[in-house]
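**Student:**
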Amino acid sequence: MKKKWFRIIALALTALLVTPLLADKHESSILDKVKKRGKLVCGVNGGLPGFGFLAEDGKWSGFDTDFGRAIAAAVLGNADKVEFVPLNAAERFTALQSGEIDVLIRNTTWTLGRDTELNTDFTPPTFYDGQGFMVPKSLNIKSLNQLDGASIGVTAGSTTELNLADTMRTLGVKYNEVTYEDIDTLYSSYDAGRVDAVTSDKSQLVARRKDLKNPDDHVILDITVSKEPLGPLTIHGDNKWNDVVSWVVYATFFAEEHNITQKNVKTFKTENPEINRFLGESGEIGKKLGLPKDWAKQIIISVGNYGEIFERNLTPIGLPRGVNKPWTEGGLLYSMPFR
Amino acid sequence: MEELTFTQEIKPPSTKKGPIRWLKDNLFSNWYNTVLTLFAIVFLYFLFKGVYTWVFTQAKWAVIPANLQILSVGSYPREQLWRVAYVVYVLAILMGLSAGIWKGLNQQITSAVACIGAVITLLPIHVNTSVREAAVIATILIAVSYVFGRDRQNLKRWVIIGWVLMFPWMMFMLRGFGENAISTINWGGLLLTLILAVVGIVACFPIGVLLALGRRSQLPAIRWISIAYIEVVRGMPLVTILFMGSLMLPIFMPGDFQLDKVVRAMIALTLFSAAYMAENVRGGLQAVPRGQYEAAQAVGLSYPKTMTFIVLPQALRSVIPAIVGQFIALFKDTSLVSIIALSELLGVSDNILGNPKWTGLKPELYLFIAVVYFIFTFAMSYVSQIVEADLGVGKH
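Here you go:
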């Protein structure tokens with residue numbers, strides 16, 4: 025009797041273990057999943073000044089997280105229905121591929137390799153970064169050729185390190201590379217004068233400069249040695265979902281182009297048919313994306329246009345707009361037509 | 094014949110040493126010891142001066158009180174914090190009752206916890222009011238339930254049931270259910286550290302015991318599987334196991350079935366420490382004399398009964414120091430989950446440092462976190478000493 029029960033239990037347990045293996049992957053868009061779940065899951069960088077961090081009130085805050093909120097506002101009509109998953113650099117793509125997160129907004133550079141090999145699709149970049157150099161003003165350096173024989177600090181194992189080597193080889197400049205595992209150590213060493221210069225993404229240089237002992241004694245060279253277009257990613261092949269994320273980004277660009285702000289969006293009156301389509305007053309662009317009629321309006325109500333997102337998160341850390349301004353003002357932000 | 098003359102009475106050398114004598118004997122006994130002492134004094138002077146000036150003049154401690162809530166619970170939704178508070182209160186009541194009913198050991202542990210509560214209550218820094226409030230209520234609850242439980246031996250059974258149900262109830266409480274369920278990714282700070290440690294400790298113990306028994310089993314299949322498991326896991330660093338849990342496990346998961354990140358970290362920690370636990374328990378099993386097994390067989394006890402009632406109680410008792418050491422190590426190992434970007438006590442410091450207001454304040458945060466770890470591990474080893482004394486380990 026005992027043995028029989030033992031066998032039945034063993035069989036049941038085996039069946040329980042195997043069942044999930046037989047289950048099929050559902051071939052539905054992430055858009056439908058997010059709607060059904062009532063919550064967006066967004067992978068972010070958990071500690072990048074200005075882009076993603078935990079504010080004192082325990083809420084995720086920053087430039088990247090604001091775009092997560094914007095997607096939630098567009099899809100679910102509520103910018104708070106988003107859950108942020110902090111990810112490190114190594115696990116971010118796995119998290120996206122395995123479906124643990126719906127969208128990855130974690131200062132990820134758009135490269136050919138990542139676009140083709142990693143089973144991911146990029147959406148329009150939200151921030152154009154580039155690698156730069158910071159040196160003490162006293163050295164009076166204007167060009168990279170003057171860094172001959174200098175020691176340059178860089179974080180180990182990053183593309184920054186490779187870019188530095190490529191650039192200097194092209195210029196034929198000899199330098200001493202000093203690598204650091206930890207970003208904080210890199211900047212405290214530079215501050216203590218142990219290296220002559222430090223190289224990293226300009227956004228990081230700017231954010232870190234204000235923590236040096238005498239920020240005014242240091243200058244960020246007007247030289248950019250790499251292109252770092254950073255934007256949201258979705259899983260490869262889910263075009264419906266990729267469209268949604270892309271057009272959420274365009275919506276923030278579009279609103280800035282037309283001066284639609286968090287303040288005036290609810291009362292915005294215009295004869296411009298494109299803006300009326302954008303605000304959901306006419307046309308059916310929401311339906312085409314599988315979103316509510318007022319999706320774009322919801323974005324602007326909750327997080328504002330691109331300029332407002334930038335000013336809220338990146339202006340306080342001292343980042344200039346640079347190329348991250350509308351094409352009408354000579355920048356790179358160009359919204360596709362809302363037609 | 095010469096006459097022996099007693100010249101002077103020689104006193105025995107004094108065993109009592111004055112402070113000057115002590116200094117002379119221990120620090121300035123000869124010239125090179127004197128030089129070493131002087132060097133050490135100069136070194137210590139500069140060390141303490143450096144530490145002192147940094148701690149009291151240069152460090153920006155404002156980062157700690159401003160982020161105390163994040164350090165305690167991470168991104169746990171603030172409007173749901175009552176869940177954490179309830180868990181703490183119920184724990185306080187259970188501890189107070191246990192201390193009142195069983196006295197002895199429980200009393201000491203509970204008073205230690207009550208002291209921590211009182212310290213938080215009286216902290217001179219500006220802490221968030223809700224943290225202080227919770228500490229006050231918890232301390233009072235401990236005191237009240239202690240007094241209540243003192244003459245109520247009949248409550249014994251209920252308190253034991255309470256402790257057994259505590260763990261699943263705590264998980265349920267912290268997670269919530271339905272629409273407002275709080276995803277585990279929002280567990281953070283000290284809360285997540287403690288949960289990981291408790292889950293690891295609770296879950297690795299039975300697995301470890303089974304593996305230890307399996308390794309000594311007569312059945313070759315079970316024995317070899319146990320040996321393979323123990324040796325493979327002990328041959329890998331915890332970091333690689335965590336990375337595998339974080340990177341590979343999701344790829345193998347079928348379909349829409351997802352284990353979330355925190356659960357994967359729990360599994361990795363548990364499986365890792367189970368292997369070490371198994372070896373600790375095996376040490377205890379080997380210390381049990383053969384005669385005990387034979388005597389148990391002679392009176393006709395089955396294998397499970399032999400183990401549960403005769404062998405394991407003796408085996409486990411002799412390895413309590415090793416097991417507690419393992420628990421302390423596990424508690425500290427939870428800090429490694431920060432490399433898979435989980436926001437436990439150490440990892441949450443990165444989330445705070447990303448705030449433009451607090452960038453570059455790593456030393457302050459790390460020092461504070463180190464102190465918190467020290468308080469907990471020191472309390473754990475203190476408790477283990479009491480447990481050992483109580484059970485008379487090492488006196489047989």
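Sequence lines, in order, name chains D and L.
Numbering-wise (the working numbering), the first sequence opens with residue 25 and increments by one.
Numbering-wise (the working numbering), the second sequence opens with residue 94 and increments by one.
Glycine residues also receive a C-beta, built at the ideal position from the N, C-alpha and C atoms.
Fair warning: this is a prediction, and the values are worked out from it, not measured in the lab.
1. Taking the alpha carbon of D:Tyr274 as the point to measure from, which residue in D:Ser175, D:Ala174, D:Thr144 and D:Met360 has its own alpha carbon closest?
2. If distances are taken between C-alpha atoms only, which option among L:Ile433, L:Phe402, L:Ile323 and L:Pro313 comes closest to L:Val332?
3. Here's the rule: buried if 16 or more other CB atoms are within 10 angstroms of the residue's CB, otherwise exposed. What is D:Lys63?
4. What are the residues that DSSP puts in a beta bridge with D:Met158?
5. Since L:Ile418 is in the alpha helix (DSSP H), which residue starts that stretch and which ends it?
6. Please identify the residue among L:Gln407, L:Val206, L:Met346 and L:Val257 whose C-alpha is closest to the C-alpha of L:Ile90.
7. Do we get a CB-CB distance below 7 Å when we pair L:Arg171 with the residues of chain D?
8. Please state the DSSP three-state secondary structure of D:Phe30.
9. List the endpoints of the continuous alpha helix (DSSP H) containing L:Gly376.
10. Here's a check: name, in chain order, each residue in its chain whose Cβ is nearer than 7 Å to the Cβ of L:Ile294, leaving out the five neighbours to either side.
11. Suppose you measure from the CA of L:Gln379 to the CA of L:Ser411; what does that come to, to the nearest Å?
12. Kindly indicate which residue of L:Phe365, L:Leu283, L:Tyr369 and L:Arg250 has the alpha-carbon position closest to the one of L:Leu435.
13. Just to confirm before moving on: does the CB-CB distance between L:Leu438 and L:Thr277 stay below 7 Å?
14. Would a C-beta distance cut-off of 7 Å place D:Ala221 and D:Val159 closer than the cut-off?
15. Please report the residue range of the alpha helix (DSSP H) in which D:Asp190 lies.
16. Provide the residue span of the alpha helix (DSSP H) that contains D:Thr135, from first to last.
17. Tell me the DSSP bridge mates of D:Pro110?
18. Check each candidate in L:Leu340, L:Gly111, L:Ala231 and L:Ile445 and name the one with the smallest Cα separation from L:Trp175.
19. By Cβ distance below 7 Å, which residues in the same chain neighbour D:Ile207 in space, the five residues on each side in sequence not counted?
20. If we define contact as Cβ-Cβ less than 7 Å, is D:Gly71 a contact residue for chain L?
21. Checking the sheet assignment: what are the DSSP bridge partners for D:Thr203?
22. Taking 7 Å as the threshold (C-beta atoms), are L:Gln351 and D:Glu115 in contact?
23. Tell me the rounded alpha-carbon separation between L:Phe149 and L:Val476.
24. Under 7 Å Cβ-Cβ, which residues of chain L neighbour D:Phe334?
25. Could you tell me the alpha carbon to alpha carbon distance between L:Ile253 and L:Ser165, rounded to whole angstroms?
26. Using the three-state DSSP reduction, which class does D:Tyr152 fall into: helix, strand or coil?
27. Return no unless some Cβ of chain D is closer than 7 Å to the Cβ of L:Gln151.
28. Assess contact between the region 239-259 of chain L and the region 189-197 of chain L, defined as three or more Cβ pairs (one per stretch) separated by less than 8 Å. Is contact present?
29. Please list the terminal residues of the continuous alpha helix (DSSP H) segment that includes D:Ile299.
30. Determine the DSSP secondary structure at D:Val249, reduced to helix, strand or coil.
31. Mark D:Lys321 as exposed unless 16 or more other C-beta atoms lie within 10 angstroms of its C-beta, in which case mark it buried.
32. What residues are listed by DSSP as bridge partners for D:Gly76?
33. Hey, could you find the ends of the beta strand (DSSP E) D:Ile165 is sitting in?
34. Tell whether a beta-carbon distance below 7 Å holds between L:Ile163 and L:Val480.
35. By Cβ distance below 6 Å, which residues in the same chain neighbour D:Pro350 in space, the five residues on each side in sequence not counted?
36. Starting from D:Phe146, trace the beta strand (DSSP E) in both directions and tell me its first and last residue.
**Tutor:** Taking the coordinates as given:
1. D:Met360
2. L:Ile433
3. buried
4. D:Val222 and D:Ile244
5. With the sequence shown as reference, residue 418 of chain L is identified as Gly, and Ile is not the correct amino acid for it. It spans Ile413 to Asp426 - the alpha helix (DSSP H) in which L:Gly418 sits, taken as one unbroken run.
6. Nothing about residue 90 of chain L can be reported from this structure: the residues present for chain L run from 94 to 489 only.
7. yes
8. helix
9. Lys354 to Ala380
10. Phe420 and Leu423
11. 10 Å
12. L:Leu283
13. no
14. yes
15. Thr183 to Leu195
16. Where D:Thr135 is concerned, there is no enclosing alpha helix (DSSP H), given that its DSSP letter is neither H nor E.
17. D:Val68
18. L:Ala231
19. Thr179
20. yes
21. D:Val178
22. no
23. 33 Å
24. Under the 7 Å cutoff, chain L gives no residues; its nearest Cβ is about 14 Å from D:Phe334.
25. 28 Å
26. strand
27. no
28. yes
29. Pro297 to Phe302
30. coil
31. buried
32. D:Leu72
33. No beta strand (DSSP E) holds D:Ile165; DSSP gives it neither H nor E.
34. no
35. Glu280, Glu281 and Leu357
36. Thr144 to Phe146
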